[in-house]
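Q:
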Amino acid sequence: MGKAKSALASQHEALERAKSFVEKAKARASCLGLTLLGAYLVGSRARGDYLRDSDIDIILVVKGLKNLNFLERLQLFTDTLEPSIDLRIYDAEEWESTENTWINQLKQEAIKIDT
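The numbering used here puts the last residue of the sequence shown at 214; the count rises by one with no breaks.
(1) Looking at C-alpha atoms only, which residue of 146, 153, 135, 159 is the closest neighbour of residue 105?
(2) What number of angstroms, rounded off, separates the C-alpha of residue 113 from the C-alpha of residue 210?
(3) Can you tell me where the beta strand (DSSP E) holding residue 200 begins and where it ends?
(4) Who are the Cβ neighbours of residue 134 in its own chain at under 6 Å, not counting the five residues just before and after it?
(5) Could you pull the start and end residues of the beta strand (DSSP E) that residue 131 belongs to?
(6) Have a look at 179, 205, 148, 131 and flag the residue whose alpha-carbon is nearest the alpha-carbon of residue 109.
(7) Residue 107 by DSSP, collapsed to three states: which one?
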């Protein structure tokens with residue numbers, strides 16, 4: 100298989116893994132009494148400059164997490180994590196805010212993952 104075809108196959112596999120992960124995260128959020136408002140693919144897989152072995156960067160937007168720090172949020176979803184999935188979790192207010200330059204950059208490249 101050529102490099103381009105191999106990279107394309109890896110992108111298809113990455114998107115399927117992302118969708119599967121988001122389904123698990125949605126179920127986990129529900130068990131915790133939280134609401135998953137959105138899931139987004141970001142990073143090289145979203146921009147199109149990925150390599151065959153690039154990781155899968157996913158953002159979850161969850162209602163009601165504002166008072167938890169990054170590690171506390173991640174711990175809520177530890178049992179759903181898989182190898183090569185890099186996860187960021189934002190509260191709805193944080194994601195909707197226009198004051199954070201980092202989040203604004205992520206929004207520009209974000210591709211919504213439908214579940």
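Positions of the beta carbon are idealized from the N, C-alpha and C atoms, including for glycine. All of these numbers come straight from a predicted model, not from anything done at the bench.
A: In short:
(1) Counting from 1 along the sequence shown, the entry for residue 105 is found at position 6. Out of 146, 153, 135, 159, 153 has the C-alpha closest to the C-alpha of residue 105.
(2) Residue 113 sits at position 14 when you count from the first residue of the sequence shown. Residue 210 sits at position 111 when you count from the first residue of the sequence shown. C-alpha separation (whole angstroms): 13 Å.
(3) The residue labelled residue 200 in the question sits at position 101 within the sequence shown. Residue 200 -> not in any beta strand (DSSP E); alpha helix (DSSP H) instead, spanning 200-208.
(4) What you label residue 134 is simply residue 35 of the sequence shown in a count that begins at 1. 162, listed in sequence order.
(5) As a working note, residue 131 is residue 32 in the sequence shown. For residue 131, there is no enclosing beta strand (DSSP E), as DSSP marks it with neither H nor E.
(6) The residue you call residue 109 lines up with position 10 of the sequence shown. Of the candidates 179, 205, 148, 131, the one whose C-alpha sits nearest the C-alpha of residue 109 is 148.
(7) Mapped onto the sequence shown, residue 107 falls at position 8. Helix.
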